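Asker: In our numbering, the protein residues as written are 269 to 524.
By construction, the Cβ of each residue, glycine as well, lies at the ideal position given by its N, Cα and C atoms.
Please read these numbers as outputs of a predicted model, since none were measured by experiment.
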Ligand SMILES: Nc1ncnc2c1ncn2[C@@H]1O[C@H](COP(=O)(O)OP(=O)(O)O)[C@@H](O)[C@H]1O
Ligand SMILES: [Mg+2]
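(1) Got a sec: does ligand 2 put a non-hydrogen atom nearer than 8 angstroms to the Cβ of residue 468?
(2) Given a threshold of 16 other Cβ atoms within 10 Å of its Cβ, counted over all protein chains shown, does residue 322 qualify as buried or as exposed?
(3) Residues around ligand 1, please: the ones whose beta-carbon is closer than 5 angstroms to some heavy atom of it, in chain order.
(4) Thinking residue 256 and residue 316 are a contact (beta carbons under 8 angstroms), I'd like their distance in whole angstroms, please.
(5) Take residue 457 as the anchor and find which of 398, 409, 290 and 485 has the nearest alpha-carbon.
(6) With DSSP run on the structure shown, which of helix, strand or coil describes residue 346?
(7) Alpha carbons only, please: which of 362, 471, 386 and 325 is nearest the one belonging to residue 445?
(8) May I ask you to report which of helix, strand or coil DSSP gives residue 412?
(9) From residue 328 to residue 272, what does the alpha carbon distance come to, in whole angstroms?
(10) Rounded to whole angstroms, what is the Cα-Cα separation between residue 279 and residue 325?
(11) Shortest alpha-carbon distance to residue 507 belongs to which of 302, 269, 298 and 283?
(12) Would you say the beta carbon of residue 474 is closer than 8 angstroms to some non-hydrogen atom of ligand 2?
(13) Report the CB separation of residue 294 from residue 464 in whole angstroms; it is logged as a contact under 8 angstroms.
(14) For the alpha helix (DSSP H) holding residue 399, just list the boundary residues, first then last.
(15) Measure the Cβ-Cβ separation of residue 403 and residue 413 and say whether it is below 9 angstroms.
(16) Once DSSP output is grouped into helix, strand and coil, what is the label at residue 423?
(17) Count Cβ pairs between the stretch 335-344 and the stretch 285-300 that sit closer than 8 angstroms; are there 3 or more?
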């Protein structure tokens, strides 16, 4: 039984048919790449998984049980987390504040409730250590951090919800080359903890190096489902552009 099992998902926005009966699975401790050209339907499919959008048809199961509640809050409680490309961090706040944004631990003193900064800092540091993330100082505003370090904070924040599935939308797109490996290592750490990871990315080298499987969406259909160990860049690119047109595939690869 798969951890996440998406079956026959169909979605239209008015007259625009975006997804046509898409099947998509993720196992525990599996990293699945979700790739495809702009407009292929990747974000829409993931927003249906997180409950931001409702599918017109199809089912989604987690741990073998169909998900019937469509609210994003309920999905998060079930263990589905998505890290968006903009990371949704408070740039002026430090690491601990960002990790516990909106649900800070509190303590009582003379009948009043205070944010428990000591507990917050300790638990934030524990989460960073668990991930093996490298941060300059956890009491600095995250806006002063590099893109890779900010990504670490967003992943640590996601981990505090005890996710079963973590969906990452282009986590390496805006990073300096020397920072990419660090983020790929964080993905490997999530995998080692048995979390299922879905990686949406245009950076096929990253996808080929960190995933177990690659699903290619083309015009709203799952055009290929490839075991990473048995495929290569050319095959993935040809599935993305369709029809095995080598010159178009080469041009796509050159565009990155
Ligand atoms: N809220 C929306 N309303 C109307 N059309 C949308 C909406 N969201 C996405 N689309 C359309 O759905 C198609 C797929 O978009 P998207 O899922 O963002 O693709 P991808 O993430 O693969 O680039 C595009 O044609 C896009 O214009
Ligand atoms: Mg998208």
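Answerer: Let me spell this out:
(1) In the chain shown, counting from the first residue as 1, residue 468 sits at position 200. Between ligand 2 and residue 468, a heavy atom-to-CB distance of less than 8 angstroms is present.
(2) Locating residue 322 in the chain shown gives position 54, counting from the first residue. Exposed: under 16 other Cβ atoms inside 10 Å.
(3) 281, 286, 306, 307, 308, 309, 310, 311 and 312
(4) Because residue 256 is not part of the residues shown, which for the chain are 269 to 524, the question remains open.
(5) For the purposes of this step, residue 457 is identified with residue 189 of the chain shown, where counting begins at 1. Here the closest residue by C-alpha is 398.
(6) Taking the chain shown and counting its residues from 1, one reaches residue 346 at position 78. Correct three-state label for residue 346: helix.
(7) As a working note, residue 445 is residue 177 in the chain shown. Nearest option by C-alpha distance: 471.
(8) Numbered from its first residue, the chain shown carries residue 412 at position 144. Correct three-state label for residue 412: helix.
(9) Sequence index remark: in the chain shown, residue 328 carries index 60 (1-based). Sequence index remark: in the chain shown, residue 272 carries index 4 (1-based). Near 7 angstroms, if we compare the C-alpha coordinates of residue 272 and residue 328.
(10) Against the chain shown, residue 279 aligns to sequence position 11. Against the chain shown, residue 325 aligns to sequence position 57. So the two alpha carbons sit approximately 7 angstroms from each other.
(11) Indexing the chain shown from 1 puts residue 507 at position 239. Of the listed residues, the one whose Cα sits closest to residue 507 is 302.
(12) Counting from 1 along the chain shown, the entry for residue 474 is found at position 206. It does not: the Cβ of residue 474 is nowhere closer than 8 angstroms to a heavy atom of ligand 2.
(13) Here residue 294 refers to the residue found at position 26 of the chain shown. Here residue 464 refers to the residue found at position 196 of the chain shown. The pair is a contact, with the Cβ atoms about 4 angstroms apart (cut-off 8 angstroms).
(14) Start at 1 with the first residue of the chain shown, and residue 399 comes out as number 131. Taken as a continuous stretch (DSSP letters only), the alpha helix (DSSP H) holding residue 399 covers 385-399.
(15) On the chain shown, position 135 is the one that residue 403 refers to. On the chain shown, position 145 is the one that residue 413 refers to. Closer than 9 angstroms, so yes.
(16) Residue mapping note: residue 423 aligns to position 155 of the chain shown, counting from 1. Note: residue 423 maps to helix in three-state DSSP.
(17) no
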